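Data first, discussion second: the structure below is written as structure tokens.
2 protein chains.
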Amino acid sequence: MARKPADQSVNREDILRAAASVLQRSGYEATTMKDIAAEVNLTAASLYHHFKNKDMLLLAVLEAGLDIVIDQLEPIVQAEKSAAEKLRAMIAVHVVGLTQHTAVGAAMVFEIRSLLAIPATLHNGHHHEFIIRRDAFFQRRDYFEDLYRRTIEEGVARGEFRPVDVALFTKTMLGAHNWVGVWYREGGRLSGHQIAEAMSETFLRALAPV
Amino acid sequence: MARKPADQSVNREDILRAAASVLQRSGYEATTMKDIAAEVNLTAASLYHHFKNKDMLLLAVLEAGLDIVIDQLEPIVQAEKSAAEKLRAMIAVHVVGLTQHTAVGAAMVFEIRSLLAIPATLHNGHHHEFIIRRDAFFQRRDYFEDLYRRTIEEGVARGEFRPVDVALFTKTMLGAHNWVGVWYREGGRLSGHQIAEAMSETFLRALAPV
DNA sequence: TCTATAATTGAATCATCATTAGATTATTTC
DNA sequence: GAAATAATCTAATGATGATTCAATTATAGA
Numbered sequence: 047m048a049r050k051p052a053d054q055s056v057n058r059e060d061i062l063r064a065a066a067s068v069l070q071r072s073g074y075e076a077t078t079m080k081d082i083a084a085e086v087n088l089t090a091a092s093l094y095h096h097f098k099n100k101d102m103l104l105l106a107v108l109e110a111g112l113d114i115v116i117d118q119l120e121p122i123v124q125a126e127k128s129a130a131e132k133l134r135a136m137i138a139v140h141v142v143g144l145t146q147h148t149a150v151g152a153a154m155v156f157e158i159r160s161l162l163a164i165p166a167t168l169h170n171g172h173h174h175e176f177i178i179r180r181d182a183f184f185q186r187r188d189y190f191e192d193l194y195r196r197t198i199e200e201g202v203a204r205g206e207f208r209p210v211d212v213a214l215f216t217k218t219m220l221g222a223h224n225w226v227g228v229w230y231r232e233g234g235r236l237s238g239h240q241i242a243e244a245m246s247e248t249f250l251r252a253l254a255p256v
Numbered sequence: 047m048a049r050k051p052a053d054q055s056v057n058r059e060d061i062l063r064a065a066a067s068v069l070q071r072s073g074y075e076a077t078t079m080k081d082i083a084a085e086v087n088l089t090a091a092s093l094y095h096h097f098k099n100k101d102m103l104l105l106a107v108l109e110a111g112l113d114i115v116i117d118q119l120e121p122i123v124q125a126e127k128s129a130a131e132k133l134r135a136m137i138a139v140h141v142v143g144l145t146q147h148t149a150v151g152a153a154m155v156f157e158i159r160s161l162l163a164i165p166a167t168l169h170n171g172h173h174h175e176f177i178i179r180r181d182a183f184f185q186r187r188d189y190f191e192d193l194y195r196r197t198i199e200e201g202v203a204r205g206e207f208r209p210v211d212v213a214l215f216t217k218t219m220l221g222a223h224n225w226v227g228v229w230y231r232e233g234g235r236l237s238g239h240q241i242a243e244a245m246s247e248t249f250l251r252a253l254a255p256v
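Heads up: the sequence lines are chains H and L, in that order.
Residue numbering for the first sequence follows the numbering used here, beginning at 47 and increasing consecutively.
Residue numbering for the second sequence follows the numbering used here, beginning at 47 and increasing consecutively.
Below you can see the structure in the form of structure tokens.
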């Protein structure tokens, strides 16, 4: 019972997916390395071959999730379209994405704090690297938020949107979106697209010029 | 070192407040009974005199928080005012409340899942009572959400608001509100009132009839 | 094919908690 | 001011769970 044949072997990706899924159910602290390992038919010890420790694993989950959204949002923001069209498209990919990957979506909402809660007192060597990457993650999350801010800003500047407190309006939208990852259940009354559509309607009407 | 003189003695309320505060910082699983006890100058063991166990303590925190909001919301809903005025008032008390009690607000968002995650396998005797109260809590939370739904429904029925998917619109609003409890920091650029004001504007415009 | 590297495992370590038990000191009630 | 009750404490108990170690087997490169 040592290395498994290639077809039963798991990779980093598999583990991240599994971790997100377990995390969604139980939350960071309540999730044991054993739980995650079990999800991919490994033992807890094996996970340490792929990730330095539990913190790094959580961080990797969040990083991967954030990358996916940002990759989808960037081209939209850069496109040559009206701010309203852009915003509608952004909401669509973001919200639909959340309904498709509820595990990561919920982790993104709930586990941010776990990340922050990890004490800044550096014990071992890994810890330093962790702090660095965690800070980078938060910067990147701010960049993500900025994609929304810029689009709204642009709409206001062009007179397409009424003047609003851009930072606050963005947080209002993101709060609504994030919450979708919490309450959405597959097979429910509304599809991800319908939810995104209705939310676009809500926020675009709220932005309509006077 | 046993019972402390009356003026140093803590009550249930003190503990709840302390627990909410520690919970906000670290989250349920990462919060130890010792942490909470320390906040009120007690030892962990002493907490068991006031609460059956850690789960019950968390539950009590959430129950108390929910009661406060509901008590404020009910009279507004029952008042003889336009749906728009009611909604504006509801947002005001809810959001301002969240900014004043960020600890409870954050707990309400983040710890709900901890509550759910607690396995339904009943071990000891306390457990049964816990399940009962937990379910009651969730019903009450739905009642809370219903206060919003009813108000919006009413506005739509009266033609004050455009027709919307009421359940979804409610969740959109609540997501935005809850998120305030997460990002709001005292002494920030905007006061609780200003935030509430801007959010009212956002959602009432979104509801304006066509 | 031999060798280095990768992926895994079971067992051991070590620390951290929740929770309980029994003793001790304030308060209250009668 | 006794007796009963409330609020605390210190010192176990028992689990759980992250992390490390040394051993083992697969795969890839030369």
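Cβ atoms here follow ideal geometry from the backbone N, Cα and C, with glycine treated the same way.
All values derive from a computational prediction rather than experimental measurement.
- With a threshold of 8 Å between beta carbons, G234(H) makes no contact with chain L.
- Contacts with chain L at 8 Å (Cβ-Cβ) do not include I122(H).
- DSSP places F156(H) inside the alpha helix (DSSP H), whose first and last residues are 148-156.
- Between M245(L) and chain H, the shortest Cβ-Cβ separation is below 8 Å.
- In the three-state DSSP reduction, V123(H) falls in the helix class (H, G or I).
- A direct Cα-Cα distance of roughly 7 Å separates L62(H) from A106(H).
- Restricting attention to D192(H), N57(H), V142(H), the CA atom closest to the CA of A244(H) is found in V142(H).
- Listed along chain H, no residue sits closer than 7 Å to A64(L) by beta-carbon distance, the nearest being about 17 Å off.
- Interface annotation, D192(L): not in contact with chain H, CB-CB separation never under 8 Å.
- Annotation note: the region 61-139 of chain L contains the following uninterrupted alpha helix (DSSP H) runs of length 4 or greater, listed N- to C-terminal: 79-85, 90-96, 100-124.
- With respect to the C-alpha of Y189(H), the residue from L93(H), A65(H), L112(H), D101(H) having the closest C-alpha is L112(H).
- Residue contact with chain L for L103(H): absent (no Cβ-Cβ distance below 8 Å to any residue of chain L).
- Of all residues in the region 51-82 of chain L, the ones placed with a Cβ closer than 8 Å to any Cβ belonging to chain H are R71, S72, G73, Y74, E75, A76, in chain order.
- Within 8 Å of the CB of I241(H), the CB atoms of chain L belong to L214, in sequence order along the chain.
- Sorting A76(H), A66(H), R235(H), L88(H) by C-alpha distance to the C-alpha of V56(H) places L88(H) at the top.
- The beta-carbon distance between A149(H) and A242(H), rounded to whole angstroms, is 19 Å. This is too long to meet the 8 Å contact definition.
- In the three-state scheme derived from DSSP, where H, G and I count as helix and E and B as strand, E232(H) is classed as coil.
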